[in-house]
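According to the UniProt record's numbering, the sequence shown is numbered sequentially starting from 1.
Since the structure comes first, as C-alpha coordinates, the remarks are kept for the end.
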Amino acid sequence: MSIHDYRGYRLDHTGPQMILTMKLTSWAFNVYDGRRNRKDLSRYQQEHAVPAFPPLLSYLSYVFFFPALLVGPSFEYMDYIRFIELSQFRDPKTGKINWPAGRVKAAMQSFLFALVSLGALAFVGPKINVLWTLSPAWNSLPWIGRFAYVQLAAFAARFKYYAVWKMAEGACVLAGFGYNGQDPQTGASRWDASSNINILAYEAGESVKALADNWNIGTNKWLKYSVYFRVVSPGQKPGPLETFATFGVSAFWHGFYPGYYLMFASSAMALTAGKLLRTHLRPRFANTTGKTPLWYNLMGLLLTQSTINYMSMSFLLLSFTDSIHVWRHLYFVPHIGILLVTLLTPVLFPVKRKSKKEKEDQAAQPLLQEAEKVKEIAQGVIEEVATTALSASTDRLDSASKQKIKAL
(Lines of atoms letter the chains of each structure in order from A and count residues from 1; the text may use other names and numbers.)
(Lines give C-alpha, C1' and ligand atoms only; values in the text may rest on other atoms or scores of the structure.)
Protein backbone atom coordinates (compact mmCIF):
# COMPACT_ATOMS: atom_id res chain seq x y z
CA MET A 1 0.00 0.00 0.00
CA SER A 2 1.84 3.10 -1.26
CA ILE A 3 0.45 5.76 1.08
CA HIS A 4 3.45 7.98 0.28
CA ASP A 5 3.02 7.80 -3.51
CA TYR A 6 1.69 11.30 -4.21
CA ARG A 7 -0.68 11.34 -7.19
CA GLY A 8 0.37 7.81 -8.00
CA TYR A 9 -2.34 5.46 -9.22
CA ARG A 10 -2.44 1.70 -9.42
CA LEU A 11 -5.55 -0.45 -9.54
CA ASP A 12 -5.39 -4.18 -8.94
CA HIS A 13 -8.44 -5.65 -10.64
CA THR A 14 -7.91 -9.14 -9.21
CA GLY A 15 -9.61 -8.25 -5.91
CA PRO A 16 -13.09 -7.69 -7.40
CA GLN A 17 -12.58 -10.74 -9.62
CA MET A 18 -11.96 -12.87 -6.53
CA ILE A 19 -15.17 -11.57 -4.96
CA LEU A 20 -17.12 -12.27 -8.15
CA THR A 21 -15.72 -15.81 -8.26
CA MET A 22 -17.16 -16.53 -4.82
CA LYS A 23 -20.53 -14.98 -5.61
CA LEU A 24 -21.00 -16.71 -8.95
CA THR A 25 -19.93 -20.16 -7.78
CA SER A 26 -22.04 -20.02 -4.61
CA TRP A 27 -25.00 -18.79 -6.68
CA ALA A 28 -24.54 -21.73 -9.07
CA PHE A 29 -24.61 -24.17 -6.15
CA ASN A 30 -27.71 -22.44 -4.76
CA VAL A 31 -29.50 -22.86 -8.10
CA TYR A 32 -28.41 -26.50 -8.17
CA ASP A 33 -29.80 -27.00 -4.65
CA GLY A 34 -33.07 -25.43 -5.76
CA ARG A 35 -33.55 -28.33 -8.16
CA ARG A 36 -32.69 -31.07 -5.68
CA ASN A 37 -35.00 -32.88 -3.27
CA ARG A 38 -35.26 -30.77 -0.12
CA LYS A 39 -34.90 -33.92 1.99
CA ASP A 40 -31.35 -34.30 0.66
CA LEU A 41 -30.36 -30.74 1.63
CA SER A 42 -28.90 -29.48 4.86
CA ARG A 43 -30.68 -26.73 6.74
CA TYR A 44 -28.25 -24.14 5.38
CA GLN A 45 -28.79 -25.36 1.82
CA GLN A 46 -32.57 -25.25 2.24
CA GLU A 47 -32.42 -21.65 3.48
CA HIS A 48 -30.26 -20.50 0.55
CA ALA A 49 -31.55 -22.64 -2.33
CA VAL A 50 -32.72 -20.68 -5.39
CA PRO A 51 -35.77 -22.51 -6.80
CA ALA A 52 -36.04 -20.45 -10.01
CA PHE A 53 -33.86 -18.13 -12.07
CA PRO A 54 -34.29 -14.54 -10.82
CA PRO A 55 -34.93 -11.49 -13.00
CA LEU A 56 -31.81 -10.11 -14.67
CA LEU A 57 -31.94 -6.91 -12.60
CA SER A 58 -32.00 -8.84 -9.32
CA TYR A 59 -29.11 -11.01 -10.45
CA LEU A 60 -26.94 -8.09 -11.58
CA SER A 61 -27.69 -6.05 -8.47
CA TYR A 62 -26.52 -9.02 -6.37
CA VAL A 63 -23.35 -9.51 -8.39
CA PHE A 64 -22.40 -5.81 -8.48
CA PHE A 65 -23.66 -4.68 -5.04
CA PHE A 66 -21.22 -1.81 -4.75
CA PRO A 67 -20.41 -1.66 -1.00
CA ALA A 68 -19.06 -5.23 -1.21
CA LEU A 69 -17.76 -5.29 -4.78
CA LEU A 70 -14.12 -4.30 -4.30
CA VAL A 71 -13.02 -6.20 -1.17
CA GLY A 72 -16.08 -8.19 -0.10
CA PRO A 73 -17.60 -9.65 1.86
CA SER A 74 -19.11 -12.38 -0.24
CA PHE A 75 -22.67 -13.38 0.67
CA GLU A 76 -25.48 -15.64 -0.49
CA TYR A 77 -28.04 -14.56 -3.07
CA MET A 78 -31.05 -15.31 -0.85
CA ASP A 79 -29.61 -13.23 2.00
CA TYR A 80 -29.30 -10.32 -0.41
CA ILE A 81 -32.86 -10.76 -1.75
CA ARG A 82 -34.30 -10.83 1.78
CA PHE A 83 -32.57 -7.49 2.32
CA ILE A 84 -33.73 -5.98 -1.01
CA GLU A 85 -37.34 -7.10 -0.51
CA LEU A 86 -37.17 -6.11 3.19
CA SER A 87 -38.72 -9.46 4.10
CA GLN A 88 -36.25 -9.88 6.96
CA PHE A 89 -37.65 -6.70 8.53
CA ARG A 90 -41.32 -7.44 7.88
CA ASP A 91 -43.63 -8.40 10.76
CA PRO A 92 -45.23 -11.73 9.72
CA LYS A 93 -48.50 -10.83 11.50
CA THR A 94 -49.07 -7.22 10.50
CA GLY A 95 -46.96 -7.06 7.33
CA LYS A 96 -45.40 -3.78 8.49
CA ILE A 97 -41.70 -3.02 8.13
CA ASN A 98 -39.95 -2.74 11.49
CA TRP A 99 -36.56 -1.20 10.77
CA PRO A 100 -34.11 -2.30 13.51
CA ALA A 101 -32.27 0.31 15.53
CA GLY A 102 -28.51 0.78 15.72
CA ARG A 103 -27.66 0.78 12.02
CA VAL A 104 -25.87 4.13 11.93
CA LYS A 105 -24.07 3.44 15.20
CA ALA A 106 -22.80 0.08 13.94
CA ALA A 107 -21.64 1.65 10.67
CA MET A 108 -19.77 4.42 12.49
CA GLN A 109 -18.08 1.87 14.74
CA SER A 110 -16.84 -0.01 11.68
CA PHE A 111 -15.54 3.21 10.13
CA LEU A 112 -13.78 4.04 13.40
CA PHE A 113 -12.06 0.64 13.41
CA ALA A 114 -11.01 1.28 9.80
CA LEU A 115 -9.54 4.70 10.63
CA VAL A 116 -7.63 3.32 13.62
CA SER A 117 -6.27 0.51 11.45
CA LEU A 118 -5.20 2.98 8.76
CA GLY A 119 -3.47 5.09 11.39
CA ALA A 120 -1.68 2.06 12.78
CA LEU A 121 -0.65 1.04 9.27
CA ALA A 122 0.75 4.51 8.55
CA PHE A 123 2.69 4.48 11.83
CA VAL A 124 3.93 0.89 11.90
CA GLY A 125 4.22 0.17 8.17
CA PRO A 126 7.44 2.13 7.50
CA LYS A 127 9.09 0.73 10.64
CA ILE A 128 8.27 -2.98 10.32
CA ASN A 129 8.65 -4.34 6.81
CA VAL A 130 8.39 -8.04 6.05
CA LEU A 131 11.08 -7.68 3.36
CA TRP A 132 13.64 -7.01 6.11
CA THR A 133 13.54 -10.75 6.84
CA LEU A 134 15.52 -11.20 3.60
CA SER A 135 18.36 -8.93 4.72
CA PRO A 136 21.69 -9.98 6.28
CA ALA A 137 20.82 -7.86 9.32
CA TRP A 138 17.84 -10.09 10.12
CA ASN A 139 19.94 -13.20 9.53
CA SER A 140 22.50 -11.99 12.07
CA LEU A 141 19.94 -11.78 14.88
CA PRO A 142 19.70 -14.62 17.41
CA TRP A 143 16.92 -17.14 16.77
CA ILE A 144 14.57 -15.57 19.29
CA GLY A 145 15.13 -12.15 17.70
CA ARG A 146 14.37 -13.45 14.22
CA PHE A 147 11.26 -15.23 15.46
CA ALA A 148 10.07 -12.14 17.35
CA TYR A 149 10.47 -9.93 14.27
CA VAL A 150 8.41 -12.37 12.22
CA GLN A 151 5.63 -12.06 14.80
CA LEU A 152 5.70 -8.25 14.59
CA ALA A 153 5.84 -8.23 10.78
CA ALA A 154 2.84 -10.55 10.47
CA PHE A 155 0.87 -8.52 13.01
CA ALA A 156 1.65 -5.23 11.25
CA ALA A 157 0.63 -6.68 7.87
CA ARG A 158 -2.89 -7.39 9.15
CA PHE A 159 -3.76 -3.72 9.60
CA LYS A 160 -4.37 -3.16 5.88
CA TYR A 161 -6.88 -6.02 5.85
CA TYR A 162 -8.59 -4.71 8.97
CA ALA A 163 -8.89 -1.27 7.40
CA VAL A 164 -10.45 -2.24 4.07
CA TRP A 165 -12.72 -4.95 5.51
CA LYS A 166 -14.08 -2.70 8.25
CA MET A 167 -14.63 0.12 5.78
CA ALA A 168 -16.59 -2.21 3.49
CA GLU A 169 -18.57 -3.53 6.45
CA GLY A 170 -19.51 0.00 7.46
CA ALA A 171 -20.66 0.78 3.91
CA CYS A 172 -22.84 -2.36 3.83
CA VAL A 173 -24.40 -1.62 7.21
CA LEU A 174 -25.04 2.02 6.31
CA ALA A 175 -26.88 0.78 3.21
CA GLY A 176 -29.00 -1.44 5.47
CA PHE A 177 -27.35 -4.76 4.60
CA GLY A 178 -25.94 -6.72 7.52
CA TYR A 179 -28.78 -7.17 10.01
CA ASN A 180 -28.25 -10.39 11.98
CA GLY A 181 -31.18 -10.56 14.37
CA GLN A 182 -31.09 -9.62 18.04
CA ASP A 183 -28.56 -10.43 20.71
CA PRO A 184 -30.13 -13.20 22.84
CA GLN A 185 -28.67 -11.72 26.03
CA THR A 186 -29.14 -7.98 25.61
CA GLY A 187 -31.93 -7.90 23.02
CA ALA A 188 -30.01 -5.28 21.02
CA SER A 189 -30.00 -5.38 17.22
CA ARG A 190 -26.95 -7.03 15.69
CA TRP A 191 -25.49 -5.60 12.48
CA ASP A 192 -22.60 -8.02 11.96
CA ALA A 193 -23.92 -10.22 9.12
CA SER A 194 -21.73 -8.35 6.62
CA SER A 195 -18.64 -8.47 8.83
CA ASN A 196 -15.57 -9.99 7.19
CA ILE A 197 -13.33 -9.85 10.24
CA ASN A 198 -13.79 -10.13 13.99
CA ILE A 199 -10.60 -8.40 15.09
CA LEU A 200 -10.75 -9.09 18.82
CA ALA A 201 -11.76 -12.73 18.37
CA TYR A 202 -8.99 -13.28 15.83
CA GLU A 203 -6.24 -11.70 17.90
CA ALA A 204 -7.39 -13.71 20.94
CA GLY A 205 -7.87 -16.98 19.03
CA GLU A 206 -6.66 -20.06 20.90
CA SER A 207 -6.81 -22.49 17.96
CA VAL A 208 -6.33 -22.51 14.21
CA LYS A 209 -10.07 -23.10 13.80
CA ALA A 210 -10.86 -20.02 15.92
CA LEU A 211 -8.58 -17.93 13.70
CA ALA A 212 -10.14 -19.33 10.52
CA ASP A 213 -13.68 -18.66 11.79
CA ASN A 214 -12.93 -14.99 12.45
CA TRP A 215 -10.66 -14.10 9.51
CA ASN A 216 -12.06 -13.33 6.04
CA ILE A 217 -15.41 -14.64 7.23
CA GLY A 218 -17.21 -14.35 3.89
CA THR A 219 -14.53 -16.36 2.12
CA ASN A 220 -14.48 -19.00 4.83
CA LYS A 221 -18.25 -19.42 4.54
CA TRP A 222 -17.85 -19.86 0.79
CA LEU A 223 -15.11 -22.45 1.29
CA LYS A 224 -17.15 -24.22 3.95
CA TYR A 225 -20.44 -24.51 2.09
CA SER A 226 -19.25 -24.52 -1.53
CA VAL A 227 -16.16 -26.71 -1.14
CA TYR A 228 -15.70 -28.43 2.23
CA PHE A 229 -19.18 -29.93 2.56
CA ARG A 230 -19.51 -30.46 -1.20
CA VAL A 231 -16.56 -32.86 -1.46
CA VAL A 232 -17.74 -35.06 1.43
CA SER A 233 -19.30 -38.35 0.35
CA PRO A 234 -22.96 -38.75 1.41
CA GLY A 235 -23.23 -40.15 4.92
CA GLN A 236 -19.55 -39.54 5.69
CA LYS A 237 -17.86 -37.04 8.01
CA PRO A 238 -15.23 -34.58 6.72
CA GLY A 239 -11.63 -35.64 7.33
CA PRO A 240 -8.06 -34.60 6.44
CA LEU A 241 -8.70 -35.14 2.71
CA GLU A 242 -11.55 -32.61 2.70
CA THR A 243 -9.44 -30.21 4.77
CA PHE A 244 -6.52 -30.29 2.32
CA ALA A 245 -8.88 -30.04 -0.66
CA THR A 246 -10.48 -26.92 0.83
CA PHE A 247 -7.15 -25.25 1.55
CA GLY A 248 -6.01 -26.20 -1.96
CA VAL A 249 -9.02 -24.43 -3.48
CA SER A 250 -8.31 -21.44 -1.25
CA ALA A 251 -4.73 -21.25 -2.52
CA PHE A 252 -5.85 -21.61 -6.15
CA TRP A 253 -8.46 -18.88 -5.60
CA HIS A 254 -5.77 -16.52 -4.30
CA GLY A 255 -3.52 -17.04 -7.32
CA PHE A 256 -0.45 -18.89 -8.55
CA TYR A 257 2.30 -17.55 -6.31
CA PRO A 258 4.08 -20.47 -4.58
CA GLY A 259 3.79 -18.71 -1.24
CA TYR A 260 0.02 -19.19 -1.24
CA TYR A 261 0.36 -22.95 -1.58
CA LEU A 262 3.05 -23.14 1.10
CA MET A 263 0.86 -21.13 3.44
CA PHE A 264 -2.36 -23.08 2.96
CA ALA A 265 -0.71 -26.51 2.93
CA SER A 266 0.97 -25.62 6.22
CA SER A 267 -2.31 -24.27 7.60
CA ALA A 268 -4.07 -27.53 6.72
CA MET A 269 -1.38 -29.42 8.63
CA ALA A 270 -1.80 -27.08 11.61
CA LEU A 271 -5.59 -27.46 11.55
CA THR A 272 -5.29 -31.27 11.49
CA ALA A 273 -2.87 -31.17 14.43
CA GLY A 274 -5.23 -28.85 16.30
CA LYS A 275 -8.12 -31.28 15.85
CA LEU A 276 -5.98 -34.09 17.28
CA LEU A 277 -5.07 -31.98 20.31
CA ARG A 278 -8.70 -31.07 20.88
CA THR A 279 -9.76 -34.72 20.66
CA HIS A 280 -6.94 -36.36 22.63
CA LEU A 281 -5.52 -33.71 24.96
CA ARG A 282 -8.22 -31.18 25.77
CA PRO A 283 -10.59 -33.62 27.58
CA ARG A 284 -7.80 -34.40 30.06
CA PHE A 285 -7.78 -30.80 31.30
CA ALA A 286 -11.41 -29.74 30.82
CA ASN A 287 -13.77 -29.76 33.79
CA THR A 288 -17.29 -31.17 33.84
CA THR A 289 -18.66 -28.07 32.08
CA GLY A 290 -16.08 -28.34 29.28
CA LYS A 291 -14.00 -25.33 30.39
CA THR A 292 -10.21 -25.54 30.42
CA PRO A 293 -7.84 -23.82 32.89
CA LEU A 294 -6.41 -20.39 32.14
CA TRP A 295 -2.86 -21.66 31.58
CA TYR A 296 -4.14 -24.11 28.95
CA ASN A 297 -5.94 -21.32 27.10
CA LEU A 298 -2.87 -19.06 27.24
CA MET A 299 -0.67 -21.83 25.85
CA GLY A 300 -3.15 -22.36 23.02
CA LEU A 301 -3.15 -18.61 22.30
CA LEU A 302 0.65 -18.38 22.26
CA LEU A 303 1.26 -21.47 20.12
CA THR A 304 -1.54 -20.73 17.65
CA GLN A 305 -0.69 -17.08 17.05
CA SER A 306 3.06 -17.64 16.78
CA THR A 307 2.61 -20.59 14.41
CA ILE A 308 0.22 -18.79 12.05
CA ASN A 309 2.38 -15.65 12.07
CA TYR A 310 5.37 -17.80 11.12
CA MET A 311 3.43 -19.50 8.31
CA SER A 312 2.05 -16.22 6.98
CA MET A 313 5.56 -15.20 5.90
CA SER A 314 5.07 -17.27 2.74
CA PHE A 315 1.74 -15.51 2.11
CA LEU A 316 3.43 -12.12 2.41
CA LEU A 317 6.68 -12.89 0.57
CA LEU A 318 4.97 -14.99 -2.14
CA SER A 319 8.21 -16.34 -3.58
CA PHE A 320 9.14 -19.98 -2.89
CA THR A 321 12.81 -19.09 -2.40
CA ASP A 322 12.10 -16.21 -0.02
CA SER A 323 9.57 -18.21 1.99
CA ILE A 324 11.94 -21.15 2.47
CA HIS A 325 14.74 -18.70 3.32
CA VAL A 326 12.78 -17.31 6.28
CA TRP A 327 11.53 -20.69 7.46
CA ARG A 328 15.00 -22.22 7.15
CA HIS A 329 16.53 -19.49 9.32
CA LEU A 330 13.89 -20.33 11.92
CA TYR A 331 14.85 -24.02 11.61
CA PHE A 332 11.28 -25.00 10.62
CA VAL A 333 10.49 -25.27 14.34
CA PRO A 334 6.67 -24.81 14.00
CA HIS A 335 6.55 -27.30 11.12
CA ILE A 336 8.50 -29.86 13.13
CA GLY A 337 6.23 -29.26 16.12
CA ILE A 338 3.11 -29.82 14.00
CA LEU A 339 4.54 -33.05 12.60
CA LEU A 340 5.40 -34.35 16.09
CA VAL A 341 1.94 -33.45 17.40
CA THR A 342 0.27 -35.23 14.49
CA LEU A 343 2.33 -38.41 14.93
CA LEU A 344 2.67 -38.63 18.71
CA THR A 345 -0.56 -37.22 20.16
CA PRO A 346 -2.75 -40.27 19.36
CA VAL A 347 -0.04 -42.55 20.79
CA LEU A 348 0.81 -40.63 23.97
CA PHE A 349 -2.71 -39.45 24.74
CA PRO A 350 -5.21 -42.09 23.59
CA VAL A 351 -8.85 -41.11 23.80
CA LYS A 352 -10.33 -42.07 27.14
CA ARG A 353 -13.44 -44.15 26.91
CA LYS A 354 -16.24 -42.61 28.92
CA SER A 355 -18.08 -44.64 31.50
CA LYS A 356 -21.77 -45.34 31.10
CA LYS A 357 -22.61 -42.74 33.76
CA GLU A 358 -20.45 -40.07 32.06
CA LYS A 359 -22.15 -40.75 28.72
CA GLU A 360 -25.58 -40.50 30.36
CA ASP A 361 -24.62 -37.26 32.12
CA GLN A 362 -23.27 -35.78 28.87
CA ALA A 363 -26.40 -36.79 26.97
CA ALA A 364 -28.61 -35.31 29.68
CA GLN A 365 -26.71 -32.01 29.84
CA PRO A 366 -28.48 -30.36 26.84
CA LEU A 367 -31.86 -31.48 28.20
CA LEU A 368 -31.06 -30.00 31.61
CA GLN A 369 -30.00 -26.72 30.02
CA GLU A 370 -33.17 -26.63 27.93
CA ALA A 371 -35.27 -27.39 31.01
CA GLU A 372 -33.57 -24.54 32.85
CA LYS A 373 -34.41 -22.14 30.00
CA VAL A 374 -38.05 -23.32 30.00
CA LYS A 375 -38.17 -22.84 33.75
CA GLU A 376 -36.91 -19.25 33.45
CA ILE A 377 -39.43 -18.49 30.70
CA ALA A 378 -42.26 -20.03 32.74
CA GLN A 379 -41.30 -18.00 35.79
CA GLY A 380 -41.31 -14.84 33.70
CA VAL A 381 -44.75 -15.67 32.29
CA ILE A 382 -46.13 -16.44 35.76
CA GLU A 383 -44.79 -13.17 37.14
CA GLU A 384 -46.26 -11.23 34.21
CA VAL A 385 -49.66 -12.93 34.60
CA ALA A 386 -49.63 -12.33 38.34
CA THR A 387 -48.76 -8.67 37.84
CA THR A 388 -51.52 -8.26 35.25
CA ALA A 389 -54.07 -10.00 37.48
CA LEU A 390 -53.08 -7.89 40.49
CA SER A 391 -53.36 -4.72 38.43
CA ALA A 392 -56.80 -5.72 37.14
CA SER A 393 -57.96 -6.61 40.66
CA THR A 394 -56.76 -3.26 41.96
CA ASP A 395 -58.60 -1.45 39.17
CA ARG A 396 -61.83 -3.29 40.05
CA LEU A 397 -61.46 -2.43 43.74
CA ASP A 398 -60.85 1.22 42.91
CA SER A 399 -63.93 1.24 40.68
CA ALA A 400 -66.08 -0.36 43.39
CA SER A 401 -64.84 2.14 45.97
CA LYS A 402 -65.69 5.05 43.69
CA GLN A 403 -69.23 3.70 43.17
CA LYS A 404 -69.75 3.42 46.96
CA ILE A 405 -68.57 6.99 47.44
CA LYS A 406 -71.00 8.20 44.78
CA ALA A 407 -73.83 6.26 46.44
CA LEU A 408 -73.09 7.94 49.76
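Note that the Cβ used here is the ideal one computed from N, Cα and C, for glycine as well.
Who pairs with S189 in a beta bridge, going by DSSP?
In DSSP, S189 forms a bridge with Q182.
Note down, in chain order, each residue of its chain lying with its Cβ closer than 6 angstroms to the Cβ of Y260, except the 5 sequence neighbours on either side. If we look at Y260 and ignore the five residues flanking it on each side, its Cβ neighbours are A251 and H254.
Legend entry - Inter-residue Cα distance where the pair is T321 and L56: Between T321 and L56, the C-alpha separation is close to 47 angstroms.
Whose CA, out of K166, R82 and P54, lies closest to the CA of A68?
For the residues K166, R82 and P54, the minimum Cα distance to A68 belongs to K166.
*Option in L60, P238 and N30 with minimal Cα separation from P51*: Selected option, being the one with the closest Cα: N30.
Status (buried if at least 16 other CB within 10 Å, exposed otherwise) for M108 | Exposed, by the Cβ-count rule.
Do L271 and T243 have their C-beta atoms within less than 7 angstroms of each other? A contact, by the Cβ cut-off of 7 angstroms.
Cβ pair N214, Y228 closer than 7 angstroms
Contact flag unset, no.
By DSSP's criteria, W143 is part of a beta bridge. Which residues make up the other side?
The beta-bridge partner set that DSSP reports for W143 is empty.
Practice prompt. Label residue 426 either buried or exposed according to how many other C-beta atoms from any shown protein chain fall within 10 Å of its C-beta, with 16 as the threshold for buried.
Written response: The requested residue 426 does not occur in the structure, where the chain is confined to residues 1 to 408.
Next item on the list: Assign W99 to one of three DSSP states: helix, strand, or coil.
Entry: Reduced to three states, the DSSP call for W99 is coil.
CB-CB length for M313 against V124, believed under 8 angstroms: About 17 angstroms; that fails the 8 angstroms criterion.
- Message: Just to confirm before moving on: does the CB-CB distance between Q206 and G95 stay below 7 angstroms?
- Response: The question names Gln, but residue 206 in the sequence shown is Glu. Result no, Cβ atoms of E206 and G95 do not sit closer than 7 angstroms.
Buried/exposed call for T307, threshold 16 Cβ in 10 Å: Under this definition T307 is a buried residue.
Need the endpoints of the alpha helix (DSSP H) that N220 sits in, please. I217 to L223 is the span of the alpha helix (DSSP H), which, as asked, contains N220.
Do R103 and H329 have their CB atoms nearer than 7 angstroms? Contact flag unset, no.
*I think V150 touches T304, with their Cβ atoms under 8 angstroms apart; what is that distance to the nearest whole Å?*
Contact flag wrong, Cβ pair sits at about 15 angstroms.
- Task: Can you tell me which of the three DSSP states I81 falls into?
- Result: Note: I81 maps to helix in three-state DSSP.
Problem set entry | Buried versus exposed call for G170 [16 or more other C-beta atoms within 10 Å across all chains shown] | Per the 10 Å Cβ criterion, buried.
Are I128 and S74 touching if we call contact CB-CB under 7 angstroms? No.
| message | Count Cβ pairs between the region 326-342 and the region 271-287 that sit closer than 8 angstroms; are there 3 or more? | response | Contact between the region 326-342 and the region 271-287 is present, because at least three Cβ pairs lie under 8 angstroms.
message = Spatial neighbours of G72 within its chain, please: C-beta separation below 6 angstroms, excluding the five flanking residues on both sides.
response = Here G72 has I19, N196 and G218 as same chain residues with Cβ atoms under 6 angstroms from its own Cβ, once five neighbours each way along the sequence are excluded.
Problem set entry | Contact check, A154 vs N309, beta carbons under 7 angstroms | When the beta-carbon positions are compared, A154 and N309 come within less than 7 angstroms of each other.
Once you ignore the five residues that flank I405 on each side, which residues in its own chain have a CB closer than 8 angstroms to its CB?
Reliability fails at I405, whose pLDDT of 44 lies under 50, so the model's placement of it is uncertain and no value is given.
| Any idea if E85 is buried or exposed, counting beta-carbon neighbours within 10 angstroms, 16 or more meaning buried? | Exposed is the call here.
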